[in-house]
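Comments concern the structure below.
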DNA sequence: CGCGGGCTTGAACCTCGTCAAGAAGTGTGG
DNA sequence: CCACACTTCTTGACGAGGTTCAAGCCCGCG
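Residue numbers (UniProt numbering), protein chains in the order written: chain Y, 1 to 233; chain V, 1 to 233.
Here it is, written out as structure tokens:
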């Protein structure tokens, strides 16, 4: 799909394109195509050649790694404004994971081969990308620390708080996670089973920390949840 | 310590400095200082301002995160040729972890403020850094997947194989990990306890997979260990 | 209204962490 | 060179936390 009617304002405020001139932005946009993803559709698939990279305009994705025996791990979530699928920029030839749309989503797509051209045009782009990837590395290390040292309840608390951070939406009942989340999803974020997540969350519900139903999570008392996540007791 | 007698060949072959001209290399070296680290000494400490970044010339470091309650997690190992402490390049103001010398080590150090100058001089440096950080991100995701889905024995197997990869040295008994490794270290790499690691490794020893003693690990049968790490059965 | 995907809950089981004690190396000072 | 202290490693017993297995419920949708 051609993209000649895209406006600069779409990407003007994105972290990654910070400090680029209007002209450069227009050039970048001219090379982009638009990709619409239905719920459940994937932008790219684990193991396939990394031919494109993306920037999410709206919607929400999860990036999933599947083990040989079929278990799934949610590596991270992609929020509007994030770039993703930049495997090729790290000189990997294949995507290491699959990006699945949680809700109907819209993304810009560029050919991987254009990455170098972008950099040449605007060197700060590389620095911005480095910062982005650096942040993700920090996040990954945090999760490693959590998985290594914390028990399930605290890990789930951290996961939910992270969701609040990324997609929290104030309502009069509390803070709603603004896209469908199943127990299974949370299990895949925390390295546990949907059963355990269910037990943990019903306990929280009894204590008035959260309120949840099918694919829906509302955090009633973020502060107490935070205390539970941090202070081990 | 001044470094005007450093030779280009020191860093000519390092991944990160690939494709730089001799002149640029000399410039980079001119700004470097040399840092010697005794065993147990640290190049930088978690939480302190990120004033420098480094490149390991020889020796071996581990990068450790400490939780508020004092538990430690080994984030990664630094091998000769690796750059480390590049927090500032990712626009973080503080080091997120501590780098401890496992054996006496020698590193080059630069002021963090010089990073931008380096990039300006040689833009490919940013791309190389991006690749390096990208690789680390992949590794981190692998560990997350392992911690989420695998049982202790397989995680320990993976950790040992990773050590072999990084510091394996052929001897007539088998492949020796070329620096001191305690059960505790392996526990901190795999999110378990030294007790469990000890049990696992004595079992392996009985099966003829490895041979180990105080701070020493020799892998006798890497292939069978690999099978154990991959094939869940 | 019935079907299916998601959620809950109990009970049995099992891995692994915790507690405890001691053995085997390593280093240090007299 | 020996004695003592310290660190590392081993091993057993026990129990808690979490997974697995199984059954059934609930809600939303066709």
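Cβ coordinates follow ideal geometry from the N, Cα and C atoms, glycine included. The structure displayed is predicted, hence computed values, not measured ones.
How close, in whole Å, do the beta carbons of residue i and residue j come, if the pair is a contact with beta carbons under 8 Å?
| i | j | result |
| --- | --- | --- |
| residue 123 (chain Y) | residue 123 (chain V) | 5 Å |
| residue 78 (chain Y) | residue 153 (chain Y) | Not quite, the Cβ-Cβ distance comes to about 27 Å (not below 8 Å), so this is no contact. |
| residue 133 (chain Y) | residue 134 (chain V) | 6 Å |
| residue 72 (chain V) | residue 64 (chain V) | 5 Å |
| residue 136 (chain Y) | residue 60 (chain Y) | Residue 136 (chain Y) to residue 60 (chain Y), Cβ: 17 Å. No contact. |
| residue 149 (chain V) | residue 67 (chain Y) | 5 Å |
| residue 140 (chain V) | residue 140 (chain Y) | 4 Å |
| residue 144 (chain V) | residue 12 (chain Y) | Residue 144 (chain V) to residue 12 (chain Y), Cβ: 33 Å. No contact. |
Along the chain, where does the alpha helix (DSSP H) containing residue i start, and where does it finish?
| i | result |
| --- | --- |
| residue 134 (chain V) | 124-149 |
| residue 231 (chain V) | It is not in any alpha helix (DSSP H) - residue 231 (chain V) carries neither H nor E in the DSSP assignment. |
| residue 10 (chain Y) | 9-12 |
| residue 157 (chain Y) | 152-167 |
| residue 199 (chain Y) | 194-207 |
| residue 24 (chain Y) | 22-30 |
Kindly list the residues whose CB is nearer than 6 Å to the CB of residue i, restricted to its own chain and excluding five residues on each side of it in sequence; keep chain order.
| i | result |
| --- | --- |
| residue 9 (chain V) | none |
| residue 177 (chain Y) | 163, 167 and 217 |
| residue 3 (chain V) | In this predicted model, residue 3 (chain V) has a pLDDT of only 44, less than 50, meaning its place in the structure is not dependable enough to derive any value. |
| residue 194 (chain V) | 183, 184 and 187 |
Since residue i is in the beta strand (DSSP E), which residue starts that stretch and which ends it?
| i | result |
| --- | --- |
| residue 116 (chain V) | Element bounds for residue 116 (chain V): not the beta strand (DSSP E) but the alpha helix (DSSP H), 114-121. |
| residue 102 (chain V) | 98-111 |
| residue 66 (chain Y) | 52-66 |
| residue 35 (chain Y) | 33-37 |
| residue 86 (chain V) | Element bounds for residue 86 (chain V): n/a, residue is neither H nor E. |
| residue 186 (chain Y) | That residue, residue 186 (chain Y), is in no beta strand (DSSP E); its alpha helix (DSSP H) goes 183-190. |
| residue 177 (chain Y) | 175-177 |
| residue 218 (chain V) | 216-219 |
| residue 72 (chain V) | 72-78 |
| residue 44 (chain Y) | 42-44 |
| residue 211 (chain Y) | 210-213 |
Counting only the same chain and skipping the five closest in sequence on each side, list residues whose C-beta sits under 8 Å from that of residue i.
| i | result |
| --- | --- |
| residue 53 (chain Y) | 83, 84, 85, 86, 87, 88, 89, 109, 110, 112 and 115 |
| residue 180 (chain Y) | 102, 103, 215 and 216 |
| residue 35 (chain V) | 1, 43, 54, 106, 107, 108 and 109 |
| residue 209 (chain Y) | 219, 220, 221, 224, 225 and 228 |
| residue 16 (chain Y) | 55, 83, 125, 128, 129 and 132 |
| residue 50 (chain Y) | 44, 85, 87, 88, 92, 93, 94, 95 and 112 |
Under 7 Å Cβ to Cβ from residue i, same chain only, skipping five residues before and after it: list those, please.
| i | result |
| --- | --- |
| residue 40 (chain Y) | 100 and 101 |
| residue 229 (chain V) | 154, 157, 158 and 161 |
| residue 146 (chain V) | 155 and 158 |
| residue 57 (chain Y) | 10, 80, 106, 107 and 108 |
| residue 211 (chain Y) | 173, 174, 205, 218 and 220 |
| residue 198 (chain V) | 183 |
| residue 48 (chain V) | 94 and 95 |
With three or more beta-carbon pairs closer than 8 Å as the criterion, would you say the stretch 167-184 of chain V touches the stretch 77-94 of chain Y? In the pairwise beta carbon analysis, the stretch 167-184 of chain V is classified as not touching the stretch 77-94 of chain Y: fewer than three pairs are separated by under 8 Å.
At a CB distance below 8 Å, what residues from the stretch 132-166 of chain V approach chain Y? Give them in sequence order. 133, 134, 135, 136, 137, 138, 140, 141, 143, 144, 145, 147, 148 and 149
If contact is defined by three or more beta carbon pairs under 8 Å, each pair taking one atom from either stretch, is the stretch 117-131 of chain Y in contact with the stretch 22-29 of chain Y? yes
When the Cβ atoms of the stretch 40-47 of chain Y are set against those of the stretch 139-159 of chain Y, are three or more pairs found closer than 8 Å? At 8 Å Cβ cutoff, the stretches do not touch.
Between the stretch 58-76 of chain Y and chain V, which residues of the former have a C-beta closer than 8 Å to a C-beta of the latter? 65, 67, 68, 69, 71, 73 and 75
At a CB distance below 7 Å, what residues from the stretch 114-126 of chain V approach chain Y? Give them in sequence order. 119, 123 and 126
Determine which residues of the stretch 92-109 of chain Y have a Cβ less than 8 Å from any Cβ of chain V, and write them out in chain order. 92, 96 and 97
For the stretch 14-26 of chain V, enumerate the residues whose C-beta is nearer than 7 Å to any C-beta of chain Y, in chain order. none
Quick one: which residues of the stretch 169-191 of chain Y get their C-beta closer than 7 Å to a C-beta of chain V? List them in chain order. 191
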